[in-house]
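Take the sequence shown: its letters are residues 6 to 385, numbered as in UniProt numbering.
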Amino acid sequence: LQTRLPAVGTTVFTLMSALANEHGAVNLGQGFPDFGCDPRLLDHVNDAMRAGHNQYPPMTGAAPLRNAIADKIAALYGHRYDVASEITVTAGATQALTTAVLCCVHPGDEVIVIEPAYDSYLPAIELAGGVAVTVAMRFGEDGYHVPWDAVAAAVTPRTRLIIVNTPHNPTGSILQAADLEALAAIVDGTEILILSDEVYEHMVYDGQRHESVSRHPVLAERAFVVSSFGKTYHVTGWKIGYVAAPAAMTSEFRKVHQYNVFSVNTPMQHAIAAYMDDPQPYRGLPAFYQRKRDLFREGLAGTRFTLLPADGTYFQCVRYDAISSMKETDFAKWLTAEVKVAAIPVSAFYRDANESGVVRFCFAKQDETLLTALERLQRI
Ligand code: PMP
Ligand code: GLN
């Protein structure tokens, strides 16, 4: 069988989790919470199943959930999407991202991807027959920034789509209002579409606000905005997310979605909708994760790791050049096997394994887990 994806192997997250298990390491690699969700959410699942929400939902998603999503976006970002024609529930953000790429990228079209980039973007572009044009973030002591001049320079008549991600995995950086302005200036008056991965939208710290692309009129009118309930409600295994996009784009999205999954499991959709009726549970999330971030950063402050800024997501990146000159993957493996703390090499988020001596830790963990990891990292 001739492969459609020659460069693809097993994801770094799966590999590092397997290595963590093999060595009995604390797993701060793959991004998922090691604590449960709100028990009220579980009660809503039970209620939904007993109320008979167990057959196919509408292809576009259960109506109460689409309503809740539209209300949330309007309340937080001031853009009112039409429930019937502009919101689609997906099997996690991963399916939304791949479906969005497949529905608009034609063979030979160029897609601008800002690196480091979440690992599902490049394979999706390749499956569509598109050409990924990568632009590296600028990296210095003050962290990572998107070089909009380089993005503008990468635009050609074949550019079909630009993929952005804020808050950003793996760097924890966030886009500011000025970044959205810069992006809008690049795409205004062109036919370029935007795919905005906002799965960590509720994890922004230090009183800063999430700059959703849906806030910006020039961007919203050409953007697929993607999010995931797995991140927000501590249920990454439920694999439910959504895409919000203008009706003409949503219509093309649904053509692919219809034959990709058709629809997404019913009871979880009703449960999340009922939960979102409560006093918006995501409101406490920044404080909840900021405390964990600070606990983790304070613990690392006395070590030879250099902390990079962490404005959003549940990831903390560190430089380790004062500890080792190993390549990132080797260092992450060494940390896992010898120090018994698993991390993710940031080089895995580049097509050409760019080495900058940085690894990513996930702090979506119980305090005890973080303290155990810190105690080990402090011994290096
Ligand atoms: N985008 C980013 C940036 C992510 O970090 C993740 C989760 N690791 C996803 C998309 C995928 O989300 P989901 O689990 O809902 O498919
Ligand atoms: N998004 C998670 C991370 O960045 C991993 C998801 C996965 O395992 N595919 O760690």
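Where is the CB? At the ideal position from N, CA and C, for every residue including glycine.
Near ligand 1: residue i beta-carbon under 7 Å from a heavy atom
i	result
Asp48	no
Ala98	yes
Tyr355	no
Val204	yes
Tyr238	no
Thr311	no
Lys244	yes
Leu20	no
Asn265	no
Tyr287	no
Ser178	no
Segment limits, beta strand (DSSP E) that includes residue i
i	result
Gly246	246-249
residue 391	With the chain covering only 6 through 385, there is no way to say anything about residue 391.
Ile119	115-120
Supposed contact pair residue j and residue i - C-beta distance, whole angstroms, cut 8 Å
i	j	result
Glu216	Gln181	6 Å
Ile117	Val140	6 Å
Val231	Gly242	Not really, about 18 Å apart at Cβ, beyond 8 Å.
Asp87	Ala252	7 Å
Arg302	Thr311	Wrong, their Cβ atoms sit about 11 Å apart, outside the cutoff.
Gly134	Pro112	3 Å
Met64	Ser329	In fact, because the Cβ distance is near 51 Å, the residues do not count as touching under 8 Å.
Phe320	Tyr123	Not really, about 11 Å apart at Cβ, beyond 8 Å.
Lys338	Leu24	7 Å
Bridge partners - residue i, DSSP secondary structure assignment
i	result
Ile199	Ile167, Ala228
Leu312	Val323
Ser233	Gly246
Phe368	Answer by DSSP bridge pairing: none, since Phe368 is not bridged.
Gly307	Answer is none; Gly307 lacks a bridge partner.
Gly145	Gly148
Val269	None, per the DSSP bridge assignment.
Val344	Beta-bridge pairing links Val344 to no other residue.
Range covered by the alpha helix (DSSP H) that runs through residue i
i	result
Gly97	97-109
Glu131	126-132
Glu91	88-91
Asn72	68-82
Phe37	Segment: none, Phe37 is in no alpha helix (DSSP H) and carries neither H nor E.
His49	44-55
Ser22	17-28
Phe354	Looking at the DSSP string, Phe354 is not in any alpha helix (DSSP H), and its letter there is neither H nor E.
| Distance cut 6 Å, beta-carbon to ligand 2 heavy atom: residue list by chain order | My final list is Thr16, Phe18, Gln35, Gly36, Asn174.
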